[in-house]
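What follows is one structure encoded as structure tokens, with my remarks underneath.
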Amino acid sequence: MAKDSTTEQLIADTAEKVFLEKGIAGARMQEIADAAGINKALLHYYFRSKDKLFEYVFDRVFQDFVMRLRTVFEEELPIEGQIRVFISRYIQIFDRKPGMPLFIQTELYRNPDLIKRFTFLQSVFPADYIRKEIAKKVEVGEWRPIRVSDFLTNLIGLCVYPYLAQPLLQHAFSMNDSDYQGFLENRAETIYTFFLQGLRTQ
Numbered sequence: 071m072a073k074d075s076t077t078e079q080l081i082a083d084t085a086e087k088v089f090l091e092k093g094i095a096g097a098r099m100q101e102i103a104d105a106a107g108i109n110k111a112l113l114h115y116y117f118r119s120k121d122k123l124f125e126y127v128f129d130r131v132f133q134d135f136v137m138r139l140r141t142v143f144e145e146e147l148p149i150e151g152q153i154r155v156f157i158s159r160y161i162q163i164f165d166r167k168p169g170m171p172l173f174i175q176t177e178l179y180r181n182p183d184l185i186k187r188f189t190f191l192q193s194v195f196p197a198d199y200i201r202k203e204i205a206k207k208v209e210v211g212e213w214r215p216i217r218v219s220d221f222l223t224n225l226i227g228l229c230v231y232p233y234l235a236q237p238l239l240q241h242a243f244s245m246n247d248s249d250y251q252g253f254l255e256n257r258a259e260t261i262y263t264f265f266l267q268g269l270r271t272q
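Numbering-wise (this note's numbering), the sequence shown opens with residue 71 and increments by one.
Right, here's the structure in full:
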């Protein structure tokens, strides 16, 4: 029997939802099959094991997460505009898939070798471009010097942390789910202002 791309897509989409919620340890193939409305035998025909299905889903999720970084810094905008787009785009991703940051972090801690699958990773991060843009800003006295690694770590961390630490932050600031959603909706502008203020010399 030939594999059907529509069925494969259905399985992958369904499995992604289950893995994002439960990780590989908590997910069950029968649960994925039931959620997709197919039998377990058909699921195993497309993906021979839970590990194979997980690798497929993880690759897809991680590449979607990382590749957006490159496209942002290819926009025909000044660096400040690219930073704004970066923040907005990542928060949109996390709003759509709030379990994504924790999923990626948990699974990379569980199996650090997963990162070795992504041989393209170093070429995706636009380190040289960002380094040049920082140098231009420093030269004219607009920004303080900063390493590219710190620049990207600070930027990504500000976007990701509220999704990783939601239970902690909700408890610490006595926010219900509705309050927290409002907090997240205001994050993009808060991050942008805070991040640029940290770079500017005055």
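Ideal Cβ placement from N, Cα and C applies to all residues, glycine included.
Spatial neighbours of residue i within its chain, please: C-beta separation below 7 Å, excluding the five flanking residues on both sides.
i      : result
Tyr262 : Ile153, Arg154 and Ile157
Pro168 : Tyr233
Glu150 : Leu266
Glu91  : Gly169
If you measure from the beta carbon of residue i to each beta carbon in chain C, is any gap under 7 Å?
i      : result
Phe128 : Here there is only one protein chain, and chain C is not present.
Between the Cα of residue i and the Cα atoms of the options, which residue gives the shortest distance?
i      : options                           : result
Gln162 : Lys110, Ile102 and Cys229         : Cys229
Leu172 : Asp121, Arg138 and Phe128         : Phe128
Asp198 : Asp134, Glu125, Ser219 and Phe188 : Ser219
Gln79  : Gly96, Gly93, Ile108 and Asp183   : Ile108
Phe164 : Thr141, Asn246, Glu146 and Phe132 : Phe132
Leu139 : Tyr126, Tyr160, Glu146 and Glu125 : Tyr160
Leu222 : Met99, Val142, Arg187 and Pro237  : Val142
Spatial neighbours of residue i within its chain, please: CB distance less than 8 Å, with the 5 preceding and 5 following residues excluded, ordered by chain position.
i      : result
Arg130 : Ala82 and Glu86
Ile102 : Ile81, Thr84, Ala85, Val88, Leu113 and Leu123
Ile94  : Lys120, Asp121, Phe124, Glu177 and Arg180
Assign residue i to one of two classes, buried (16 or more other C-beta atoms within 10 Å of its C-beta) or exposed (fewer than that).
i      : result
Pro148 : exposed
Met170 : buried
Ala97  : buried
Ile204 : buried
Residues in the same chain with beta-carbon distance under 6 Å from residue i, minus the five sequence neighbours each way, listed in chain order, please.
i      : result
His241 : none
Since residue i and residue j should fall inside the 8 Å C-beta cutoff, what is the C-beta to C-beta distance between them, to a whole number of angstroms?
i      : j     : result
Tyr126 : Lys73 : Their Cβ separation, rounded to whole angstroms, is 13 Å, which puts Tyr126 and Lys73 out of contact at 8 Å.
Should the segment 207-221 be called in touch with the segment 257-271, which here means at least 3 C-beta pairs below 8 Å?
Counting C-beta pairs with one atom in each stretch, the segment 207-221 and the segment 257-271 have three or more that are closer than 8 Å, which means they touch.
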